[in-house]
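Enquirer: Add 793 to the 1-based position in the sequence shown for this note's numbering, that's all there is to it. Every residue gets a Cβ at the ideal spot worked out from N, C-alpha and C, and that includes glycine. Take this structure, written in structure tokens, and hold onto it; I'll ask about it next.
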Amino acid sequence: MRSKPFFLLMIGQGNNSAVMVLYIVALMHIIYQQSGSAFVMSMVPVVITFTRFFSGLLAPVLFTYFSLPRILFYAQGIKVILFICLFVVIFFMPGAAVFFVVSMIALLDGVADPASQSLLPRIVAKTELIKANSTASVIFETVGVGCWAIGGVLLVFVGAEGLLLFVISFSTIATVAFWLMRHEVPSLFETNDPHWKKSMMVGWNVVLQTKWLKQVMLTTSLDAVAGVVWMAAAVYLFVEEVLQVSEAWWGWINASFFIGLIVTGFFLYKRAHMFEKQTSRLLQIGFAGGAVVTAFFALNMIPVVALVLSIGVGMFEQVRGVGLNTILQQHIEAKKLPYVYAVQASLSTLSFGMGALLVGVVAEAFDIRIVYGLSALFLLLCFFSWMKIKVK
């Protein structure tokens, strides 16, 4: 936990977390100001989501040819160049060129994320994986929450142009951190089979040939669908139609959710020794608790209670996230781990996109509370599915 590579990874990914929040804040503001269309603005997350799905399919090709630290360094370095291009394009050539650059940034993120997750078991002892995953989650969530708040303030004082300059600066710091890390972590992956078609299937073959892993992918895909209800549009509708309070409560509910994530991350770090050999139990607690809290959230009409329940949702979300990452890192061979993470990212992204479509249809035809009830049902299905999984 005190190793230099872990420290550099946290600096790099922490700065990258700040970059992605500030970048989205600036981008959405500029696109809305230029187009005046909420639909055009909403296309940003759509482009990002589907690009990340395809990047999960292409990432294994890069894992075959490059070490993970090298992938992180190159991906972040190219992103710096793309952010500079975005700075120019968005003001002087608005339109399709902007969405092209946005998709390229999302493509690189879709490659870098599984590489980052797969590095942890190589630079941290197995007995400290829960601590490492909790630490990483707390850092990234804290940075993310802080930047959502700070981003709005900076937008007022320095404008979208100034915000993009901050993005370029933080991205450069992340690039330097990953460059330094390259010299601390040895090459992790070598292959005698450079055929890119075969490399794309490595993760899928591991999943298809491992019974418990197939069940894990099914369960986490259902979890991704369940998580759609916490996207901005669904929460906003719930605040307006059910709680019937001002839109400020949308922000409070989101903040409560992140508080739950952060507090639980600290708890898991402090009590890591209790869960070292109970990671599967963490998932059971996460799914069961998430289902119960989400069901109560769907039935509740009191704003203050909604805040408390939102904290609970964040807590159980964190438990599931730390538990799942630790299980994969403990039981999947290090060489195959990034390929498996790439498969998981593709399936989860696709499931989230389909879930978002489902939420839109159901929310349009029925009460928004039905959507949250369905989310609770999906989490309950995840709980029963996980009860049948025997991790080996």
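Exposed or buried, what is residue 924 when buried is set at 16 or more other beta-carbons lying within 10 Å of its beta-carbon?
Expert: Buried, since its Cβ has 16 or more Cβ neighbours within 10 Å.
Enquirer: In this structure, does DSSP put residue 961 in helix, strand or coil?
Expert: Note: residue 961 maps to helix in three-state DSSP.
Enquirer: Report the residue ranges of all alpha helix (DSSP H) runs contained in full by the segment 798-880; include only those spanning at least 4 residues, in chain order.
Expert: The qualifying runs are 831-858.
Enquirer: Under the three-state reduction of DSSP, which class applies to residue 1175: helix, strand or coil?
Expert: Three-state DSSP puts residue 1175 in a helix.
Enquirer: On a Cα-Cα basis, can you pick out the residue from 1092, 1109, 1052, 1103 that is closest to residue 1078?
Expert: Per the Cα distances, 1109.
Enquirer: Just to confirm, is the Cβ distance from residue 1001 to residue 1087 under 8 Å?
Expert: The answer is no: Cβ separation not under 8 Å.
Enquirer: Rounded C-beta distance between residue 1017 and residue 1144? I'm assuming under 8 Å.
Expert: Rounded, the Cβ-Cβ distance is 4 Å, consistent with contact.
Enquirer: Looking at the secondary structure, which residues open and close the alpha helix (DSSP H) in which residue 1014 lies?
Expert: Residue 1014 -> alpha helix (DSSP H) spans 1004-1019.
Enquirer: Expressed to the nearest angstrom, what Euclidean distance is found between the alpha-carbon atoms of residue 965 and residue 958?
Expert: Rounded to whole angstroms, residue 965 to residue 958 spans 11 Å at the Cα level.
Enquirer: Let me make sure I understand the geometry here. Which of 1161, 1124, 891, 970 has the alpha-carbon closest to that of residue 807?
Expert: The shortest Cα separation from residue 807 among 1161, 1124, 891, 970 belongs to 970.
Enquirer: Could you tell me whether the Cβ atoms of residue 1028 and residue 1046 are closer together than 8 Å?
Expert: Result yes, Cβ atoms of residue 1028 and residue 1046 sit closer than 8 Å.
Enquirer: How long is the line joining the alpha carbons of residue 985 and residue 912, rounded to whole angstroms?
Expert: Any reading at residue 985 needs caution, since the residue's pLDDT is 48, under 50, leaving its predicted position unreliable; the model's value is listed next. So the two alpha carbons sit approximately 21 Å from each other.
Enquirer: What does the Cβ neighbour count give for residue 1092, buried or exposed, with the cut at 16 atoms within 10 Å?
Expert: It counts as exposed.
Enquirer: Would you call the segment 1142-1161 and the segment 838-858 touching, i.e. three or more CB-CB distances under 8 Å?
Expert: Contact between the segment 1142-1161 and the segment 838-858 is present, because at least three Cβ pairs lie under 8 Å.
Enquirer: Which of the three DSSP states is assigned to residue 976 in this structure?
Expert: Note: residue 976 maps to coil in three-state DSSP.
Enquirer: Quick check on the DSSP output: the alpha helix (DSSP H) that includes residue 1045 runs from which residue to which?
Expert: Its alpha helix (DSSP H) spans residues 1041-1063.
Enquirer: Mapping the DSSP letters down to three states, classify residue 998 as helix, strand or coil.
Expert: Three-state DSSP puts residue 998 in a helix.
Enquirer: Using a Cβ-Cβ distance under 8 Å, would residue 974 count as near chain B?
Expert: In the displayed structure, chain B is absent; only one protein chain is listed.
Enquirer: Do residue 869 and residue 809 come within 8 Å of each other at the CB atom, strictly closer than that value?
Expert: It is a contact, given that the beta carbons lie within the stated cut-off.
Enquirer: Buried or exposed for residue 1118, going by 16 or more other Cβ atoms inside 10 Å?
Expert: When all chains shown are included, residue 1118 counts as buried.
Enquirer: So, residue 866 versus residue 972, is the Cβ gap smaller than 8 Å?
Expert: Yes, the Cβ-Cβ distance between residue 866 and residue 972 is below 8 Å.
Enquirer: At a threshold of 7 Å, does residue 1117 count as lining the ligand MN (C-beta to nearest heavy atom)?
Expert: The model depicted lacks the ligand MN and carries no ligand whatsoever.
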